[in-house]
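Student: Counting from 7, one number per residue, gives the positions in the sequence shown under the working numbering.
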Amino acid sequence: MAISGTESQSAAIKVPLLVQNEVEFVKCDCCRLTEECTPTYIAKVRDRYQGRWIWGLCAEAVKDEIFRSSERIINTEETLNRHMNFCKKFRSSTPPPNPIEHLISAIKHLLHRSLLVVVAVVVGGGGVVLMMVEVVQ
7 MAISGTESQS AAIKVPLLVQ NEVEFVKCDC CRLTEECTPT YIAKVRDRYQ GRWIWGLCAE
67 AVKDEIFRSS ERIINTEETL NRHMNFCKKF RSSTPPPNPI EHLISAIKHL LHRSLLVVVA
127 VVVGGGGVVL MMVEVVQ
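#1: Quick one: residues in its chain with C-beta nearer than 7 Å to the C-beta of GLU42, no 5 flanking neighbours on either side, listed in chain order?
#2: Which value, in whole angstroms, describes the spacing of the CA atoms of PRO103 and GLU83?
#3: Rounded to whole angstroms, how far is the Cβ of GLU71 from the Cβ of THR85, which I believe are closer than 8 Å?
#4: Using a Cβ-Cβ cutoff of less than 8 Å, which residues in the same chain neighbour CYS37 once the five nearest sequence positions on both sides are dropped?
#5: With a threshold of 7 Å on Cβ separation, who are the neighbours of MET90 within its own chain once the five nearest residues in sequence on each side are excluded?
#6: Grouping DSSP H, G and I as helix and E and B as strand, with all else coil, what is THR100?
#7: Extract the residue ranges of the alpha helix (DSSP H) inside the stretch 34-61, only unbroken runs of 4 or more that lie entirely within it.
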């Protein structure tokens with residue numbers, strides 16, 4: 007079945023144009039990394055983290071800390087304070103010579119660590135050996 011030019015035009019789906027939102031620069035309250043985001047997104051993140059702006063990698067670290075704290079239940083605010091204190095301890099008073107390379111290296115190191123799994127192996131005599139195994143995908 008052939009469709010004439012007028013039929014194909016009338017069957018076209020109209021997609022509304024996306025409105026270009028304004029963006030703002032906002033600095034992470036943990037690591038001081040500056041990010042460009044929309045005001046709506048900034049408000050959502052601040053609602054989630056008690057008025058503090060936390061960028062994605064720090065937010066993942068907070069979630070991971072909550073997950074790892076299996077010995078007792080801790081809330082988001084306490085976990086966020088732990089992460090902020092950790093960042094303050096390791097924040098340099100002067101920026102690295104090449105901050106972009108430094109950030110890429112830090113993220114590479116973090117990703118590499120997340121691909122390592124600790125495996126416990128029971129050996130003869132009841133001893134346990136811990137091994138680091140890299141997950142290959």
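Here a beta-carbon is modelled for each residue, glycine too, at the ideal position from N, C-alpha and C.
Tutor: The relevant details are as follows:
#1: The residue labelled residue 42 in the question sits at position 36 within the sequence shown. Around GLU42: VAL29, PHE31.
#2: The count along the sequence shown starts at 1 and reaches residue 103 at position 97. The count along the sequence shown starts at 1 and reaches residue 83 at position 77. One C-alpha to the other measures close to 33 Å.
#3: Taking the first residue of the sequence shown as position 1, residue 71 is located at position 65. Taking the first residue of the sequence shown as position 1, residue 85 is located at position 79. With a Cβ gap of about 5 Å, GLU71 and THR85 count as contacting.
#4: For the purposes of this step, residue 37 is taken as residue 31 along the sequence shown, with counting starting at 1. Cβ neighbours of CYS37 beyond the five flanking positions: TRP61, LEU63, CYS64, CYS93, ARG97.
#5: One-based indexing of the sequence shown puts residue 90 at position 84. Excluding residues within five positions, the ones whose Cβ falls inside 7 Å are ASP35, CYS36.
#6: Here residue 100 corresponds to residue number 94 of the sequence shown, with the count starting at 1. Three-state DSSP puts THR100 in coil, outside helix and strand.
#7: 45-54
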